[in-house]
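Residues in the sequence shown are numbered consecutively from 569, following my numbering.
Notes for the one structure printed next.
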Amino acid sequence: MPDDEPKPPGKGGMIFRPYKTNPKTGEVMWARDYGLRAWPIPVDGDKPNPEGA
Numbered sequence: 569m570p571d572d573e574p575k576p577p578g579k580g581g582m583i584f585r586p587y588k589t590n591p592k593t594g595e596v597m598w599a600r601d602y603g604l605r606a607w608p609i610p611v612d613g614d615k616p617n618p619e620g621a
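Here it is, written out as structure tokens:
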């Protein structure tokens, strides 16, 4: 797919992080404590990067 063509809407991806923060309690949850190597976190490809990079 050439770079000048836009991506189809709804095409995101996944990033993996060893920890995530519980939004209700603010507690840091480590994946290894739950038998995982990392948490899969969905990423929406349609949203612009807030840092602009």
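Yeah, the Cβ is synthetic: ideal placement off N, Cα and C, and Gly gets one too.
Leaving out five residues before and five after Ala-599 in sequence, what residues of the same chain have Cβ atoms less than 7 Å from its Cβ?
-> Stepping through the sequence shown from its first residue, residue 599 is reached at position 31. Taken in chain order, the residues that qualify are Pro-586, Tyr-587, Arg-605, Ala-606, Trp-607.
Just the Cα atoms here: how many angstroms apart are Asp-601 and Asn-590?
-> On the sequence shown, position 33 is the one that residue 601 refers to. On the sequence shown, position 22 is the one that residue 590 refers to. If I take the Cα positions, the gap works out to 14 Å.
Sheet register partners of Thr-589 (DSSP bridge) | Translated into positions along the sequence shown, residue 589 becomes position 21. DSSP output for Thr-589 lists Val-596 as bridge partner(s).
Compute the Euclidean distance between the alpha carbons of Gly-594 and Phe-584, then round it to the nearest angstrom.
-> As a first step, residue 594 is located in the sequence shown; it is residue number 26 there, counting from the start. As a first step, residue 584 is located in the sequence shown; it is residue number 16 there, counting from the start. Taking the straight line from one Cα to the other gives about 19 Å.
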